[in-house]
Structure formats: C-alpha cells, structure tokens
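Chemist: This is the structure, below, for whatever I ask next.
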Amino acid sequence: MIKRFLLPLLLVFIANAGFTQPKSAVTRSSITFRIKNLGINTTGTISGLQADIRFNPANLSSSSIEASVDANTINTDNPDRDDHLKSDAFFDTAHYPKITMKSVSLKHRSGNNYTGQFNLTIKGRVKTVEIPFSCVQKGNAMAFKSSFKLNRLDFGVGENSMILSNDVTVNIDAELEVRD
Numbered sequence: 005m006i007k008r009f010l011l012p013l014l015l016v017f018i019a020n021a022g023f024t025q026p027k028s029a030v031t032r033s034s035i036t037f038r039i040k041n042l043g044i045n046t047t048g049t050i051s052g053l054q055a056d057i058r059f060n061p062a063n064l065s066s067s068s069i070e071a072s073v074d075a076n077t078i079n080t081d082n083p084d085r086d087d088h089l090k091s092d093a094f095f096d097t098a099h100y101p102k103i104t105m106k107s108v109s110l111k112h113r114s115g116n117n118y119t120g121q122f123n124l125t126i127k128g129r130v131k132t133v134e135i136p137f138s139c140v141q142k143g144n145a146m147a148f149k150s151s152f153k154l155n156r157l158d159f160g161v162g163e164n165s166m167i168l169s170n171d172v173t174v175n176i177d178a179e180l181e182v183r184d
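Dropping the structure here:
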C-alpha cells in the first residue's frame with residue numbers, strides 16, 4: 005500500500021523538478037525614456053531594476069517575467085524637473101515608489117524576438133500592455149532588450165498638455181545571470 009502511494013508521489017516530484025526553471029539575478033541594466041517637451045526630446049533614466057525572470061524559450065507557457073524599478077530614481081539631469089516628476093502631479097513616488105510589470109503571456113515572433121502581454125503598474129494603475137523584446141542567451145547569462153511606447157495619461161502621470169507629449173518611449177537593456 006505504501007509503495008503504491010510513494011511511487012506516484014515520487015514521479016510527481018521528479019516531473020516537477022525537471023520543469024523548474026532557474027532563478028536569475030540582474031547583473032547590468034539600463035532603462036531610459038524619451039518624451040517630447042515643447043517639441044524637444046527630453047530624456048531620462050530610471051534605475052533600481054529588480055527582476056524574477058524564469059524564461060525558457062522552449063517552454064514559454066511556463067515562463068514568467070516580473071520586474072520592478074524604483075520610481076524615486078527618475079533622473080533627467082535636472083534636479084528641479086526630477087522633483088516635479090516625483091511629485092503627486094506626476095509619479096507621486098511618496099505613495100507609489102515602485103513601477104512594476106508582470107507577464108501575462110509570452111509569444112515567440114522569430115529568431116530571438118518575442119512579445120509579451122504584461123500587467124504594467126504605474127502610480128497604482130494597472131494596464132495590460134504589449135511589449136516586444138529580444139532575448140539572447142550566452143552561457144549562464146541572458147540579455148534582454150526592448151523598446152516600446154506608453155501613453156502616460158493611461159497611468160495618470162501628469163495631465164493633458166499642449167507642451168508635453170502623451171507618448172513616452174521606453175528602452176530597456178538588461179543582462180541577467182541565470183542561477184539554479
């Protein structure tokens with residue numbers, strides 16, 4: 005009787021162990037953004053990337069990507085503008101210190117190119133967005149790159165403005181070390 009119970013349990017454990025995906029640690033990252041202000045491109049960075057990426061190109065249905073950045077790290081090389089962006093009129097970092105994203109689904113496009121549906125949370129507002137990205141694996145490192153546009157008003161970042169564009173281009177370049 006015990007053997008009948010233990011054998012299926014052991015098989016379930018072995019099967020699950022074979023499908024577990026290694027954890028990852030961010031080793032390098034660059035997140036930049038660009039928005040037109042008075043018709044001139046204004047750029048900046050956001051840092052503090054933390055990620056839990058379990059990405060297996062051969063098994064996308066069991067893969068997942070979760071990441072966050074520290075909204076207080078917004079840097080446009082203008083301290084007054086940075087303070088204004090951190091205020092409640094824009095990112096309200098006192099109440100919403102993190103910007104997060106969590107994959108809902110991932111799809112292969114071609115070669116090293118993928119697209120994902122992500123729940124993106126900015127300023128407490130969640131919106132599902134499609135984000136294209138590439139992933140290249142080199143030994144125990146994975147390099148992710150992405151460029152996409154967001155409408156800042158979808159997340160309550162600022163108000164309608166004739167001088168500030170609604171569209172923000174975000175670029176992500178990150179490398180992760182895959183750990184068992």
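If you read the sequence shown in the numbering used here, its first letter stands for residue 5, the second for the next number, and so on. Glycine included, each C-beta is placed from N, C-alpha and C at the ideal position.
1) Going by C-alpha to C-alpha distance, which of Gly162, Ala98, Thr104 sits closest to Val172?
2) When you compare each of Phe37, Asn76, Ile39 to Ala98 by their alpha carbons, which one comes out closest?
3) Short check: CB of Tyr100 to CB of Lys127, under 8 Å?
4) Between Ala178, Gly43, Leu168, Glu134, which lies nearest to Ala147 when the distance is taken from Cα to Cα?
5) Could you give the C-beta distance for Ser151 and Asn175, rounded to a whole number, given that I count them as a contact under 8 Å?
6) Check this for me: beta carbons of Arg129 and Phe94, under 8 Å apart or not?
7) Name the residue from Gly120, Asn41, Gly143, Ser34 whose alpha carbon lies nearest to the alpha carbon of Arg183.
8) Expressed to the nearest angstrom, what Euclidean distance is found between the alpha-carbon atoms of Glu181 and Met166?
9) Within 10 Å of its beta-carbon, does Ser51 have 16 or more other beta-carbons around it, so buried, or fewer, so exposed?
10) For Asn164, count neighbouring Cβ atoms within 10 angstroms of its own Cβ and tell me buried if that reaches 16, exposed if not.
11) Starting from the Cα of Pro61, find the closest Cα among Ile135, Asn170, Asn116, Ala145 and give me that residue.
12) Over the uninterrupted alpha helix (DSSP H) stretch that includes Lys90, give me the two end residues.
Modeler: Looking at the atomic coordinates:
1) Gly162
2) Asn76
3) yes
4) Ala178
5) 5 Å
6) no
7) Gly143
8) 44 Å
9) exposed
10) exposed
11) Asn116
12) 83-90
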